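Trainee: Protein chains in written order, with my numbering: chain R, 37 to 102; chain A, 75 to 237. Idealized CB from N, CA, C, for every residue including glycine. Remember, predicted model here, so these are calculated numbers, not experimental data. Structure incoming, see below.
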């Protein structure tokens, strides 16, 4: 799965720590999501999309292998 | 009953406060060191230096107390580290925790099967080795779980720590 979390976070001028605090996870989790090492749950994905004010599909996309 | 237990585990209500991790990280290696020193005979040497005969009932009581204390220290310390919450217990930590449990279970199965196969091929091992193996394989599960869990979270991929 691909995502644009880092780009959208930077557009909102949020640090990883700030984003993590907003959705109630650790900074390590945000980093792991941004680098594609961790695929978040539906709940976490929706929370992220809400912070960015965008649909979930604009933040997370399926790739060929999914 | 099983469903309630699973839900409680899912919500991580069965985990200890984070402070227990530090306590466990201190008493577990301390217990292991004590047990090792006891196995190497240093306890008996120390007692002998105080004039306590090895064969006396007093010596036996002290040695047994020392071994029990060291083993309990190691066991409780390992459990504290294994069941202590992380500072932020989120879904990623829970997944790493589950994967680490599976890894530890698989490793334990492989070791146990290997031991039994070797016993069949090479013959029954001495009783003392069997007892040591029983303790060791039990600890192997928890130690491998703790090592894998903490390595995955804190040591693999240090990039996330750079601001």
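1) In angstroms, rounded to a whole number, what distance separates the CA positions of residue 95/A and residue 105/A?
2) Excluding five sequence neighbours on each side, which residues of the same chain lie with their C-beta closer than 6 Å to the C-beta of residue 123/A?
3) Please list the segments of the alpha helix (DSSP H) lying wholly inside the segment 94-181 of chain A, counting only runs of 4 or more residues, in order along the chain.
4) At a Cβ threshold of 7 Å, is residue 149/R touching chain A?
5) Does the segment 161-181 of chain A come within contact of the segment 105-114 of chain A, defined as at least 3 CB pairs closer than 8 Å?
6) Does the CB of residue 146/A have a neighbour CB from chain R at under 7 Å?
7) Between the beta-carbon of residue 62/R and the beta-carbon of residue 162/A, is there less than 7 Å?
8) Going by beta-carbon coordinates alone, are residue 223/A and residue 182/A separated by less than 7 Å?
9) Under a Cβ-count criterion, where at least 16 other Cβ atoms within 10 Å of its own Cβ denotes burial, should residue 44/R be classed as buried or exposed?
10) Threshold first: 4 residues or longer. Then list the alpha helix (DSSP H) segments lying entirely within the segment 175-230 of chain A, N to C.
11) My output table needs one value for residue 38/R: the three-state DSSP class, helix, strand or coil.
12) Quick one: which residues of the segment 159-170 of chain A get their C-beta closer than 8 Å to a C-beta of chain R? List them in chain order.
13) If you draw a straight line from the C-alpha of residue 91/R to the C-alpha of residue 40/R, how long is it?
14) In whole angstroms, what separates the C-alpha of residue 66/R from that of residue 100/R?
15) Whose Cβ in chain A lies nearer than 8 Å to the Cβ of residue 61/R?
16) As a quick exercise: from 186/A, 170/A and 200/A, pick the residue whose alpha carbon is nearest that of residue 221/A.
17) By Cβ distance, which residues of its chain are closer than 8 Å to residue 237/A, with the 5 residues on each side in sequence left out?
18) Within the segment 60-99 of chain R, note down every full alpha helix (DSSP H) run reaching 4 residues or more, in order along the chain.
19) Measuring straight from C-alpha to C-alpha, what distance separates residue 57/R and residue 50/R?
20) Give the C-beta separation of residue 155/A and residue 102/A to the nearest angstrom, bearing in mind that I take them to be a contact with Cβ-Cβ under 8 Å.
21) Counting only Cβ pairs nearer than 7 Å, list the residues of chain A close to residue 80/R.
Mentor: In this structure, then:
1) Indexing the second chain from 1 puts residue 95/A at position 21. Indexing the second chain from 1 puts residue 105/A at position 31. Spanning the two alpha carbons is a distance of roughly 15 Å.
2) As a working note, residue 123/A is residue 49 in the second chain. Result list for residue 123/A: empty, nothing under 6 Å.
3) Runs found: 116-123 and 131-157.
4) Any property of residue 149/R remains undetermined from this structure, which presents chain R solely from 37 to 102.
5) Because the criterion of three Cβ pairs below 8 Å is not met, the segment 161-181 of chain A and the segment 105-114 of chain A do not touch.
6) Locating residue 146/A in the second chain gives position 72, where the first residue counts as 1. Residue 146/A does not count as touching chain R.
7) The residue given as residue 62/R occupies position 26 in the first chain. The residue given as residue 162/A occupies position 88 in the second chain. By the CB criterion at 7 Å, residue 62/R and residue 162/A fall inside the cutoff.
8) Position 149 of the second chain, counting from 1, holds the residue named residue 223/A. Position 108 of the second chain, counting from 1, holds the residue named residue 182/A. 7 Å or more divides the Cβ of residue 223/A from the Cβ of residue 182/A.
9) Position 8 of the first chain holds residue 44/R. Burial call: buried.
10) If we require 4 residues or more, the alpha helix (DSSP H) runs fully inside the segment 175-230 of chain A come out as 201-224.
11) Residue 38/R sits at position 2 when you count from the first residue of the first chain. DSSP places residue 38/R in strand when its eight states are reduced to three.
12) Taking 8 Å as the Cβ-Cβ cut-off against chain R, the residues of the segment 159-170 of chain A that qualify are 160, 161, 162, 164, 165, 166, 167 and 169.
13) Indexing the first chain from 1 puts residue 91/R at position 55. Indexing the first chain from 1 puts residue 40/R at position 4. Computed Cα separation, rounded: 12 Å.
14) To locate residue 66/R, count along the first chain from 1; it is residue 30. To locate residue 100/R, count along the first chain from 1; it is residue 64. If you take the alpha carbons of residue 66/R and residue 100/R, they lie about 23 Å apart.
15) Locating residue 61/R in the first chain gives position 25, counting from the first residue. The answer, in chain order, is 162, 164, 165 and 166.
16) For this step, residue 221/A is matched to residue 147 along the second chain. Nearest C-alpha to residue 221/A: 170/A.
17) By one-based count along the second chain, residue 237/A stands at place 163. Because the pLDDT at residue 237/A is just 46, under 50, the model does not fix this residue reliably, and the value given afterwards should be weighed accordingly. Excluding positions up to five away in sequence, the list is empty.
18) Complete alpha helix (DSSP H) runs here, min 4: 63-70, 78-88 and 92-95.
19) By 1-based counting over the first chain, the position of residue 57/R is 21. By 1-based counting over the first chain, the position of residue 50/R is 14. Each residue's Cα considered, the two are about 11 Å apart.
20) For the purposes of this step, residue 155/A is identified with residue 81 of the second chain, where counting begins at 1. For the purposes of this step, residue 102/A is identified with residue 28 of the second chain, where counting begins at 1. That pair is a contact at about 6 Å.
21) Counting from 1 along the first chain, the entry for residue 80/R is found at position 44. For residue 80/R, the residues of chain A that pass the 7 Å Cβ criterion are 165, in the order they occur in the chain.
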